[in-house]
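Contents: one structure, followed by commentary.
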Ligand SMILES: *Cc1c(COP(=O)(O)O)cnc(C)c1O
């Protein structure tokens with residue numbers, strides 16, 4: 008009965024008006040549809056810190072699903088530094104950055120990020136999501152054209168939509184397609200935006216070519232280094248370091264929430280850019296600044312990995328080892344980042360495999376539509392620098408065994 012109404016929006020609304028009790032039927036209908044199609048999602052509540060080993064429903068699990076690639080979420084040095092700063096600065100920030108939410112800590116973090124990413128300036132946002140939405144919507148408006156990779160993160164997509172610019176989606180990391188779309192869509196003001204490391208495929212943007220095209224056609228370039236910072240480049244400084252480029256994109260964005268183990272997002276680039284965002288970005292202006300504890304954690308995390316590149320190097324070594332271990336078991340896997348996709352295809356099958364691994368003590372996510380395209384469900388192995396070779400081998404063997412059984 009609902010399906011009939013669903014086709015004709017007006018009739019559906021009429022039903023809702025006729026009977027107040029029907030108000031939520033469209034939600035129930037959507038949820039039922041999701042359940043039937045194995046797309047329904049729910050949360051899982053851990054009873055431990057996020058680290059290499061976690062506890063879920065009383066079960067100890069080896070973690071292969073966390074974005075905490077350097078295993079810093081429960082780092083003692085960071086926790087001690089945070090405790091000291093809670094004593095000094097308290098819990099909340101009391102207001103937005105332009106009112107009471109700025110402190111010596113926020114200033115220090117922004118300087119630390121600018122130095123680490125080798126840019127003139129940096130500005131922090133409460134989350135990476137807000138950094139994308141708040142930056143793209145402040146920089147672009149309806150006079151702009153945005154060229155966006157088809158696999159860009161949802162927060163980039165939402166930022167593009169909010170800006171009201173004309174959005175042109177180009178084929179994934181395909182610089183030939185990008186150039187032909189630029190030529191087809193001449194514009195006075197334009198932006199090319201891409202993930203640095205793609206969050207579900209773990210591959211790396213062709214940065215030199217993207218920047219060359221941006222400069223050739225006088226467009227702004229923007230790279231989201233959420234999964235690149237702390238992960239790629241010889242000292243974990245991200246995409247531009249990976250390519251040995253002295254200068255990155257015009258706008259480089261990242262998160263403090265992944266390899267750095269804390270929370271928040273940042274944008275770095277020129278002083279003009281950060282001054283502009285401070286004055287024009289609604290996500291920056293109209294939201295309470297993050298807590299001093301979170302800011303302090305990020306400062307310490309960057310300090311640790313700046314002083315000790317071994318975190319990043321160990322992670323990179325683990326990626327090579329793990330891919331090789333899977334390959335020698337007949338599983339196709341390649342990555343240069345902490346994200347290693349193992350494509351399964353069918354949504355339910357991916358879920359079944361993930362559940363079977365759970366029983367074996369390995370936590371690895373099944374990623375499904377709508378996060379990735381329908382029929383391209385996958386296991387997304389996320390490595391940590393702290394995984395030992397024994398743990399990596401154990402996981403690679405179990406994954407291969409269970410995939411073989413599921414065929
Ligand atoms: C996770 C992620 C974000 C959002 O960052 P949060 O700090 O989690 O809000 C933005 N961009 C990319 C590419 C991401 O993977």
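Residue numbers (our numbering): 8 to 414.
Glycine residues also receive a C-beta, built at the ideal position from the N, C-alpha and C atoms.
Just so it is clear, the structure is predicted and the values come from calculations on it, not from any experiment.
Between the C-alpha atoms of residue i and residue j, what's the straight-line distance to the nearest angstrom?
{"i": "residue 262", "j": "residue 218", "result": "21 Å"}
{"i": "residue 3", "j": "residue 56", "result": "In the structure as shown, the chain begins at 8 and stops at 414. Residue 3 is therefore absent and cannot be evaluated."}
{"i": "residue 413", "j": "residue 375", "result": "17 Å"}
{"i": "residue 107", "j": "residue 100", "result": "7 Å"}
{"i": "residue 62", "j": "residue 196", "result": "50 Å"}
{"i": "residue 442", "j": "residue 411", "result": "Nothing can be reported for residue 442: it is not among the residues displayed for the chain, which extend from 8 to 414."}
{"i": "residue 305", "j": "residue 29", "result": "47 Å"}
{"i": "residue 342", "j": "residue 299", "result": "36 Å"}
{"i": "residue 224", "j": "residue 128", "result": "25 Å"}
{"i": "residue 259", "j": "residue 232", "result": "7 Å"}
{"i": "residue 191", "j": "residue 173", "result": "13 Å"}
{"i": "residue 252", "j": "residue 144", "result": "28 Å"}
{"i": "residue 296", "j": "residue 409", "result": "45 Å"}
{"i": "residue 112", "j": "residue 36", "result": "48 Å"}
{"i": "residue 322", "j": "residue 280", "result": "32 Å"}
{"i": "residue 377", "j": "residue 177", "result": "19 Å"}
{"i": "residue 301", "j": "residue 114", "result": "13 Å"}
{"i": "residue 346", "j": "residue 182", "result": "23 Å"}
{"i": "residue 314", "j": "residue 53", "result": "31 Å"}
{"i": "residue 89", "j": "residue 140", "result": "28 Å"}
{"i": "residue 394", "j": "residue 47", "result": "31 Å"}
{"i": "residue 332", "j": "residue 357", "result": "20 Å"}
{"i": "residue 246", "j": "residue 255", "result": "8 Å"}
{"i": "residue 327", "j": "residue 265", "result": "20 Å"}
{"i": "residue 329", "j": "residue 209", "result": "14 Å"}
{"i": "residue 164", "j": "residue 158", "result": "9 Å"}
{"i": "residue 167", "j": "residue 244", "result": "26 Å"}
{"i": "residue 379", "j": "residue 360", "result": "17 Å"}
{"i": "residue 290", "j": "residue 215", "result": "30 Å"}
{"i": "residue 283", "j": "residue 148", "result": "14 Å"}
{"i": "residue 398", "j": "residue 228", "result": "40 Å"}
{"i": "residue 116", "j": "residue 303", "result": "8 Å"}
{"i": "residue 406", "j": "residue 66", "result": "19 Å"}
{"i": "residue 207", "j": "residue 287", "result": "31 Å"}
{"i": "residue 32", "j": "residue 348", "result": "37 Å"}
{"i": "residue 396", "j": "residue 324", "result": "10 Å"}
{"i": "residue 498", "j": "residue 213", "result": "Nothing can be reported for residue 498, as the shown portion of the chain is limited to 8 through 414."}
{"i": "residue 110", "j": "residue 351", "result": "48 Å"}
{"i": "residue 43", "j": "residue 205", "result": "29 Å"}
{"i": "residue 420", "j": "residue 203", "result": "The structure shown does not extend to residue 420, since the chain is modelled only from 8 through 414, so no value can be given for it."}
{"i": "residue 169", "j": "residue 103", "result": "21 Å"}
{"i": "residue 2", "j": "residue 250", "result": "With the chain running from 8 to 414 in the structure shown, residue 2 is simply not present."}
{"i": "residue 336", "j": "residue 142", "result": "44 Å"}
{"i": "residue 355", "j": "residue 383", "result": "11 Å"}
{"i": "residue 41", "j": "residue 318", "result": "40 Å"}
{"i": "residue 59", "j": "residue 193", "result": "49 Å"}
Which one or two residues does DSSP pair with residue i in a beta bridge?
{"i": "residue 197", "result": "152"}
{"i": "residue 69", "result": "60, 369"}
{"i": "residue 88", "result": "Paired residues: none, contrary to the question."}
{"i": "residue 204", "result": "211"}
{"i": "residue 295", "result": "103"}
{"i": "residue 388", "result": "347"}
{"i": "residue 53", "result": "63"}
Residue ranges of each alpha helix (DSSP H) within the stretch 228 to 277, 4 or longer: Counting only runs of 4 or more, we get 246 to 249.
task: Run through the stretch 324 to 384 for me and flag every whole beta strand (DSSP E) of 3 or more residues, listed as ranges in chain order.
output: The qualifying runs are 346 to 352, 372 to 374.
query: What runs of the beta strand (DSSP E), each 3 residues or longer, lie entirely inside the stretch 102 to 183?
result: 128 to 132, 151 to 156, 173 to 177
task: Check each residue's C-beta against every heavy atom of ligand 1 and list, in chain order, those closer than 6 Å.
output: 134, 135, 136, 139, 160, 162, 202, 206, 231, 233, 234, 262, 264, 272
field: Given 8 Å, three or more beta-carbon pairs between the stretch 396 to 405 and the stretch 363 to 372
entry: Touching, yes, given that three or more Cβ pairs across the two stretches are closer than 8 Å.
- request: Could you tell me whether the stretch 237 to 251 touches the stretch 271 to 279, where touching means 3 or more Cβ pairs closer than 8 Å?
  value: no
query: If we count Cβ pairs, one from each stretch, closer than 8 Å, do we get three or more for the stretch 306 to 320 versus the stretch 68 to 83?
result: yes
- prompt: How about the stretch 62 to 76 and the stretch 386 to 395: do they share at least three Cβ pairs that are nearer than 8 Å?
  reply: Short answer: they touch.
- request: Would you be able to state if there are at least three C-beta pairs under 8 Å between the stretch 198 to 205 and the stretch 148 to 162?
  value: yes
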